[in-house]
Every structure is written in structure tokens, then in C-alpha cells.
Amino acid sequence: MFMHSHPAALQEAATAAPPAHGVLAAACGRSDLKLTVLQSAAGFYLGTFCPADGPFTRESVEYFPTRLLADGALSSGRWTQRAHL
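Numbering (the working numbering), first residue to last: 1170 to 1254.
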């Protein structure tokens, strides 16, 4: 079955971009820290990294078993933002 989409909906989907900076980091006063893939003993996650202090926030609810899956989640926006630290 072929479904038609409204042109405005297609445009919105095409221009929607995943957040580039950490929401929780910004809540802590560090809106300059970009989202990146980080690793812990539990696996790979999306978070922020402070050059002076190291890992700063874990932004994703999910842990990913591989860096490739975490990279894919980051680039596609298919991950869940944590609500609090």
C-alpha cells in the first residue's frame, strides 16, 4: 500500500536534525559541549566530553554494544534523551 505524505511533513522530516549539543550539559551551564560517542564499561553511549575534565554527561538512555551502532544513533537522531543526570 502506497501512502502519500503532505509536502510540508516531508520538508520538516528532511530538515529536522538531531541535537548537536548536550541538553543535560547545557542544563549544567555547558551549552558549548557537543554530543559525541563515548565508551564506558557498560558500552557506548551518547554524551558530552569536556577537554579539561573528561566525560561530562551521559545524554542517551541507551547503551549501544558497538561504536558503529552508537554513531548511527547519533547521526540519525534515533536515541532517547535522558531527562536528568
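Cβ atoms here follow ideal geometry from the backbone N, Cα and C, with glycine treated the same way.
Classified as exposed, residue 1198 has fewer than 16 neighbouring CB atoms from the shown chains inside 10 Å of its CB. Separation of the CB atoms of residue 1200 and residue 1215 is rounded to 16 Å, and the pair is thereby denied contact status at 8 Å. The beta strand (DSSP E) runs of length 3 or more contained entirely in the region 1177-1254 are, from start to end of the chain, 1204-1209, 1212-1219 and 1223-1227.
For residue 1246, the number of other beta carbons within 10 angstroms of its own is below 16, and it is reported as exposed. Under a 10 Å Cβ-count criterion, residue 1254 is classified as exposed, with fewer than 16 other Cβ atoms of the shown protein chains found around its own Cβ. Between the alpha carbons of residue 1231 and residue 1189 lies a distance of about 17 Å.
8 Å or more divides the Cβ of residue 1243 from the Cβ of residue 1192.
At the C-beta level, residue 1227 and residue 1213 stay beyond 8 Å of one another.
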